[in-house]
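Presented below is the structure to which this report refers.
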Amino acid sequence: MNDAVLARLKHQQLRLSVCCAATFLVALLALPLFNYFLPELMASRVGGFPLTWLILGVLFFPFVWVIAWVFIRQSMALEAAEVLELKRNPPPGN
Amino acid sequence: MMIAAVDPYILTLSAVTVVVTVFMGFWAARKSKSAADFFVAGRGVSVGWNASAISGEYLSAASFMGVAAMVMSSGYDALWYPVCYACGYLFLLLFIAGPLRRFGAYTIPDFAEGRYDSPLFRKIAVVFVLFIGCFYTMPQMKGAGTTLAYIFPGLPYWAGVVLIGSVITLNVALGGMKGITLVQAFQYWAKMFAISIPVFVLMSVYGGYGHQFETKPSGPLPEKAPAEAAWMNPFGPLTTKAAKAVKPGLVYEGPRVTALSEEYGLRLNQQGLSGSLPGLVLAVGEGDYPAVDLAMEYVHAQMAQKGVFTPRQTVSLETSLDLATRRMHWRSVEFKSAKLHGEALLSTLATNGITLSQEGNRFVAFPTSEGVLRSMDARPYALLYTYSLIIALVCGTAGLPHILVRFYTNPDGVAAKRTTMWVMILIGVFYVFPPVIGVMGRNLMPGLYSGAGVSGTDGLVLKLPTILQERFGILGSILSGVTCAGAFAAFMSTFSGLLVSMTGALAHDVYGRILRPQSTAGERMRMFKWCAVLIGGISIVLGTMVENFEINFMVGQAFAIAAASYFPLLFMSVWWRGMTMKGAATGMLSGGLLAMVAISLTSWTTFITAQAAKFKSLGRPEPEWFHSLKPYSLAEYWAMHPLLRILCEQPAIWAVPLAILLMIVVSKQTSRDIPKDIRMKMLVLHAPEELGLKQEYIRDHEGAH
């Protein structure tokens, strides 16, 4: 396996990881900003809960599950594709 | 009599948990000597068992007891902890788990050695494992002490720590509890039931989660309790603590003149107002002086107290316009020290209606009547604190040694990933419950706010079910016993897991490889036992000192240190081929040690302050040794520098980037030392397992040795 193939492999993996990480990080890091700049909105009640409490204490968990599931599916697909491609076109010198 | 006050149900359920856990540990350990390794973390363990086991190890006393306690005492602020614990695991999955699994390194020292071909780095990593491990054990010990103090009312906290600590240490030393899958899986479900069933019962009686926010507390809130507004505030008691310590000060917003602006660079006599202080004006004798002159003299007296200056330190005094003309009567005496001189000046100024505010080396003098009371806006500081906390918790998960190991207990990568999905679900579902308990605690047991330790919010999870005793009799006791059992499951499993990995590191790595590489297996076994006792003993001693620290908070700090050391190590080593051993070591050590020092500074202050409060509440006079330590508590320093306090208490926001930066810079400088077979290493880390590159890699390496 030559360097170019390895580099592409790494990049694809990294990109997937970074995309998933960015999704939940953006949500996680935006929440304090929402709390800071829109305190009335975040304190509004939803089913008794303050909105910001509902988000952080309950809703964030299913959100994280979805991201985990997407990542696992995508990374498994990525690996399968990589294996398939390498078997079909073994790089020279292998 | 102490015994009479013990609730039989609580005691029984707790004792049963302890006995079953210990028994299962020994029984399964014996079984594992045979070929069947269903019980031991080995290949072929199914996804369900493994996921339960990982989740069981993940949920320590912090998750079980600490989160609820913190939600009750700090409100919204505490919610970051469970969410970030779960996200941390996700972070691990996204960036580190896969490559590490492909590489085949079971522990961080393994990885350190394998990635950099450096036994030296392995040793460094091992030492660090021991340090951080101690930080993790302290909250578990607190959980143990607290729980035992609850079950046996009147038993002092330290006795509980010593008792449980010794039991577990002996257990590990004698060979039980080796992180066995069956035991850990059982622990998860025990904890899950222990936290959820009481919640469901309580909710059916007192209303659902959402309803709790619309209920007022059942009794008057004690003085120590945070007010509703602060408690629900997204920037609540925890994150605003540093900023709120700053006393609201009188601020002068009128026109002002600069009365004094001088540079100092001298060493001064600390005792008196020596003549070497430039520009010093001694208003001696008795007479009427301009107020501004006296203010200036105060400034000089303050500077004289300090003694040694850094070069080019500027002092400035600004005054309102009329202080030049306002005159005051002043009588100077032979003051013994600059401090007394300054105090006398200050009080004279105050009696004459003049306030002197000071910020570091900046002084402002103005008529008190023209001052405006301003307290700091704490929110920007709280925002900083929040972000630093988030970074610490999310990145710190990488430092949990006993968690990483379990990624390899699945037969293949696919199963490993599915296991992880289940772990996320299992721990996520768990983490919804402790905050419910915290909110209910505020409504149903507000009296806990005035207590400390187990009679305070720390005992919430254990005590809350007892409110059912009135209406439902023994159901309350039984449920309380259930939560006690869960607590035991939590701190016993985590402490023993930590003890096993720390002892393993000390015995096999430090002793077996560094000190006595020729030792026999028998000698190493004995060393293992002694190491277990040693580390257990140290953990117990440290555990007795942390009665006044919140469990969850301590775990968060351990995470911050791990985030500044292990996370950069793992992340950079996996994704950047330019890393060298020196770069990795420099970054890891600097980040970790600096974070440790910073945290210790603030923890020291908390320790002194809390001890002083405790002596006061017990009505005992402070012992001599404590009294001499008090001036060094740094409490006043933090009150004047809230920003620094936040950065020290939650160092992740600067320590993590610093570690990464150092790794990059030093690696680039030592780029000659990049491992020769880096290409192969990166392949093993990133290529799909199916291609069998790891087997090639292992073959090559075995050939080389």
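Protein sequences, first through last, are from chains A and B. Just so we're on the same page, our numbering is the position in the first sequence counted from 1, plus 3. Just so we're on the same page, our numbering is the position in the second sequence counted from 1, plus 11. Glycine residues also receive a C-beta, built at the ideal position from the N, C-alpha and C atoms.
| Check | Outcome |
| --- | --- |
| Have a look at the DSSP bridge pairing and note the partners of glutamine 151 of chain B. | Paired residues: none, contrary to the question. |
| Between which two residues does the beta strand (DSSP E) harbouring aspartate 299 of chain B extend? | 297–301 |
| Measuring only the C-alpha atoms, how far is leucine 490 of chain B from proline 209 of chain B? | 6 Å |
| Go ahead and label threonine 325 of chain B buried or exposed: buried means 16 or more other beta carbons lie within 10 angstroms of its beta carbon, across all protein chains shown. | exposed |
| Could you list which residues in chain B have their beta carbon closer than 8 Å to that of leucine 59 of chain A, in chain order? | Tyr87, Leu90, Trp91, Val94 |
| Which residues, in order along the region 226–258 of chain B, keep a beta-carbon less than 8 Å from a beta-carbon of chain A? | Met243, Pro245, Phe246 |
| When you compare the CB of alanine 7 of chain A with every CB in chain B, is at least one pair closer than 8 Å? | no |
| Could you have a look at phenylalanine 102 of chain B and say whether DSSP puts it in helix, strand or coil? | helix |
| Less than 8 Å between CB atoms is the rule here; does leucine 41 of chain A satisfy it with respect to chain B? | no |
| What's the gap between the Cα of leucine 545 of chain B and the Cα of phenylalanine 132 of chain B? | 24 Å |
| So, with DSSP's three-state summary, where would you put alanine 123 of chain B? | helix |
| Taking C-beta to C-beta, are leucine 31 of chain A and cysteine 98 of chain B nearer than 8 Å? | yes |
| My assumption, with CB atoms under 8 Å, is that methionine 45 of chain A sits in contact with proline 245 of chain B. Please give the rounded CB distance. | 6 Å |
| Out of B/Ser74, B/Leu104, B/Trp38, point me to the one whose CA is closest to alanine 409 of chain B's CA. | B/Leu104 |
| According to DSSP, is proline 209 of chain B helix, strand or coil? | helix |
| So what does DSSP say about methionine 203 of chain B, is it helix, strand or coil? | helix |
| Are the C-beta of proline 301 of chain B and some C-beta of chain A separated by less than 8 Å? | no |
| Going by DSSP, what residues sit across from threonine 269 of chain B in a beta bridge? | B/Glu329 |
| Could you give the residue range of the beta strand (DSSP E) that holds phenylalanine 374 of chain B? | 373–378 |
| Check the Cβ-Cβ distances between cysteine 98 of chain B and every residue of chain A, and say whether any is below 8 Å. | yes |
| Name the two residues that bound the continuous beta strand (DSSP E) containing leucine 261 of chain B. | 260–263 |
| List, in chain order, every chain A residue whose beta-carbon is nearer than 7 Å to that of valine 216 of chain B. | Under the 7 Å cutoff, chain A gives no residues; its nearest Cβ is about 17 Å from valine 216 of chain B. |
| When the Cα of serine 343 of chain B is compared with those of B/Ala355, B/Leu334, B/Ser601, which residue comes out closest? | B/Ala355 |
| Pull up the distance between the alpha-carbon of phenylalanine 224 of chain B and that of glycine 77 of chain B, whole angstroms please. | 21 Å |
| Give me the chain B residues within the contact set of asparagine 38 of chain A, using Cβ-Cβ distance strictly less than 8 Å, ordered along the chain. | Pro245, Phe246 |
| Checking contacts by CB at 8 Å: is threonine 26 of chain A closer than that to chain C? | No chain C appears in this structure, whose protein chains are A and B. |
| Give, in chain order, every unbroken run of the alpha helix (DSSP H) that is at least 4 residues long and sits entirely within the region 528–609 of chain B. | 532–555, 562–586 |
| Looking only at its own chain, which residues have a Cβ that is under 8 Å from the Cβ of glutamate 561 of chain B, when we skip the five neighbours before and after it? | Gly77, Ala80, Met81, Ser84, Asp469 |
| Excluding five sequence neighbours on each side, which residues of the same chain lie with their C-beta closer than 7 Å to the C-beta of proline 130 of chain B? | Glu124 |
| Quick check on the DSSP output: what are the complete alpha helix (DSSP H) runs of length 4 or more inside the region 436–484 of chain B, in order along the chain? | 471–474, 480–483 |
| Does the distance from the CB of tyrosine 300 of chain B to the CB of leucine 367 of chain B come in under 8 Å? | no |
| According to DSSP, simplified to helix, strand and coil, what is histidine 652 of chain B? | coil |
| Which chain B residues are close to alanine 71 of chain A, counting only those with a beta carbon under 8 Å from its beta carbon? | Leu101, Leu104, Thr431, Met432, Met435 |
| Indicate the three-state DSSP secondary structure (helix, strand or coil) for leucine 166 of chain B in the structure shown. | coil |
| Mind checking arginine 656 of chain B: buried by the 16 CB within 10 Å criterion, or exposed? | buried |
| Less than 8 Å between the beta carbons of glutamate 264 of chain B and valine 383 of chain B, yes or no? | yes |
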